[in-house]
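Have a look at the structure below before the remarks.
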Amino acid sequence: MNNFTTLIPIERSGNLRQSLRHVTRILNEGYNALIFPEGTRSLTGQINEFKPIIGYLALNCKVGILPVYIWGTYEAFPKGTVIPKRESFGATIGAKIGRFLEYEELAAMVHGIPKTEAYRLIAARVQHEVENLRDGTSRDFNVAEVRKRWKLERRKARKTQPVIDE
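Each number in my numbering comes from the position in the sequence shown (counting from 1) with 1015 added on.
The structure is reproduced here in C-alpha cells:
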C-alpha cells in the first residue's frame, strides 16, 4: 500500500505472532509503524503500562522510537463507544511530539540485560518520555532505579503468594 504517509494499517483481530511478523517485515522494508503501546484504549483516561512489544520491535528491527503524547481522545471517544460522543463534537484533541529515541541509544541502555527485561525497560523508557510530555517535565529515566523497583515488586509478589501444604 502506498500513500503519502508510508503507513500500513495492521488488523488487531489477527493473532499476535502473525501481527509481529507483519510489523517486523514492514519496519525492515523501511516503513513506519504507528503503535499504541498500551495495547488498548484506557478505561479511565489515565496512561496504562506500556507493553514490551515496542522494545521487542525496536531491538529486533534496529529502529528508534518517536514518543508522542495524544490528549483529548478519552473524552471524545472513550473505550466502549463505537462513534464519538455527541457532547464531544468540537472537543480539542492534540498531540505533543517528543525527542526521537535512536536505536543505538536504546540498545546501549539495555546492553547486557536479559532480552525480556530489555524489552520491558524500553517500554518503560518510552512511557516515561510520554509522561514527561504530558506533564511538561523533563525528568531523567534511571534504569538502575527502575530495575531495583521491579526486583522489589517481584520479591513482594513471591512473599504474598499462598503456600499450599500437603
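Where is the CB? At the ideal position from N, CA and C, for every residue including glycine.
Residue from the options whose Cα sits closest to the Cα of residue i
i: E1044; options: E1132, P1099, C1076; result: C1076
i: K1094; options: Q1142, R1056, L1148, A1122; result: R1056
i: Y991; options: L1072, L1058, N1030; result: For the chain, the structure presents residues 1016 to 1181; residue 991 sits outside this window and is missing.
Beta-carbon contacts of residue i that lie in its chain and below 8 Å, excluding the five residues immediately before and after
i: E1053; result: I1062, N1063, E1064, F1065, K1066
i: A1159; result: none
Inter-residue spacing [alpha-carbon to alpha-carbon] between residue i and residue j
i: G1079; j: G1151; result: 22 Å
i: M1016; j: I1050; result: With a pLDDT of only 46 at M1016, under the threshold of 50, the placement of this residue in the model should not be trusted, and no figure is reported.
i: T1039; j: A1110; result: 26 Å
i: T1088; j: S1034; result: 25 Å
i: A1123; j: I1098; result: 43 Å
i: E1146; j: K1174; result: 31 Å
i: I1137; j: H1126; result: 11 Å
i: E1144; j: K1130; result: 21 Å
i: L1074; j: R1170; result: 28 Å
i: G1060; j: I1085; result: 11 Å
i: V1161; j: H1037; result: 31 Å
i: F1156; j: Y1118; result: 16 Å
Contacts around residue i, its chain only, beta-carbon distance under 6 Å, and the 5 residues preceding and following it disregarded
i: L1116; result: G1079, I1080
i: I1112; result: V1083
Proximity test, Cβ basis, 8 Å: residue i and chain D
i: Y1046; result: Of the protein chains in the structure, only one exists, and it is not chain D.
Next on the checklist: Between the stretch 1102-1114 and the stretch 1165-1173, can you find at least three pairs of beta-carbon atoms closer than 8 Å?
Outcome noted: Note that the stretch 1165-1173 does not touch the stretch 1102-1114; fewer than 3 beta-carbon pairs, one per stretch, sit closer than 8 Å.
Item to check | Sequence ranges, beta strand (DSSP E) only - wholly within the stretch 1078-1162, length at least 3 | outcome: Whole beta strand (DSSP E) segments, 3+ residues: 1083-1086, 1109-1112.
Checklist entry - Going along the chain, which unbroken runs of the alpha helix (DSSP H) with 4 or more residues stay wholly within the stretch 1043-1083? => result Qualifying alpha helix (DSSP H) stretches, in chain order: 1068-1076.
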